[in-house]
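Enquirer: Have a look at this one.
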Amino acid sequence: MTATPALVSRPELPKRPIEHGKTPDRPTPAGPLPHPQRDARVDAEVGPRAVGAIYQTSISAYEVLAVIRDPERASALLKRTALWAVIVRDIMRADAEPYAVGDTWTTSDHLVREGRTARSFAPAA
102 MTATPALVSR
112 PELPKRPIEH
122 GKTPDRPTPA
132 GPLPHPQRDA
142 RVDAEVGPRA
152 VGAIYQTSIS
162 AYEVLAVIRD
172 PERASALLKR
182 TALWAVIVRD
192 IMRADAEPYA
202 VGDTWTTSDH
212 LVREGRTARS
222 FAPAA
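Heads up: take any position in the sequence shown, counting from 1, add 101, and you land on the numbering used here.
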């Protein structure tokens, strides 16, 4: 089959614009771009649980060992789709092993001790 002259003489179609964040003159950010609504939702669901915090529920009391905010790692830890996970240890049981939870912070949860924040690691002036 040979090309007809009408097809050969057609002008080239314009190229699609490059997606924002993928332009060659700007470096590509490492990882996904932050999403303000998702971050606010995660903050509300995690609540005041930070590393080192101790909180009490109707079942027991827990010490927070880590807060995972990477959705891929959280989903792998909880074996379900998740935006975040908290690794805790039950302090009411002597033989308790750390495990991941994805329970949202509720009004029935009580903070016993605040966790460490970025300010608590700052050197004293």
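Even for Gly, the Cβ is constructed at its ideal location relative to N, Cα and C.
Cα-Cα, which of W185, T207, R214 is closest to A139?
Expert: According to the sequence shown, residue 139 is Arg rather than Ala. For R139, the nearest C-alpha among the options comes from W185.
Enquirer: Tell me which residues share the same chain as L166 and place their Cβ nearer than 8 Å to its Cβ, disregarding the 5 neighbours each side in the sequence.
Expert: Counting only Cβ-Cβ distances below 8 Å, and skipping sequence neighbours, we find V152, I188, V189, R190, P199.
Enquirer: Would you kindly check if the distance between the Cβ of Q157 and the Cβ of V213 is under 8 Å?
Expert: Contact: yes.
Enquirer: Verify whether the separation of the beta carbon atoms of R170 and W206 is less than 8 Å.
Expert: For R170 and W206, no; Cβs fall outside 8 Å.
Enquirer: In the DSSP assignment, what residue or residues form a beta bridge with H211?
Expert: According to DSSP, which records beta bridges pairwise, H211 is partnered with Q157.
Enquirer: Assign A146 to one of three DSSP states: helix, strand, or coil.
Expert: The sequence as given places Glu at residue 146; Ala does not occur at that position. In this structure, E146 counts as helix in the three-state DSSP scheme.
Enquirer: So, at 8 Å on beta carbons, what are the nonlocal neighbours of P224 in its own chain, with the 5 sequence-adjacent residues on each side left out?
Expert: Interpretation of P224 is limited by its pLDDT of 48, a score under 50 that renders its predicted location unreliable; no figure is taken from the coordinates.
Enquirer: Pull up the DSSP beta-bridge partners for V187, would you.
Expert: Beta-bridge pairing links V187 to V168, V202.
Enquirer: Quick check on A225: does DSSP put it in helix, strand or coil?
Expert: Low local confidence applies: a pLDDT of 48 at A225 is under 50, so the model's placement there is unreliable, and no value is given.
Enquirer: Would you mind sorting P164 into buried or exposed? The rule is 16 or more other CB atoms within 10 Å of its CB.
Expert: Per the sequence shown, the amino acid found at residue 164 is Glu instead of Pro. Buried.
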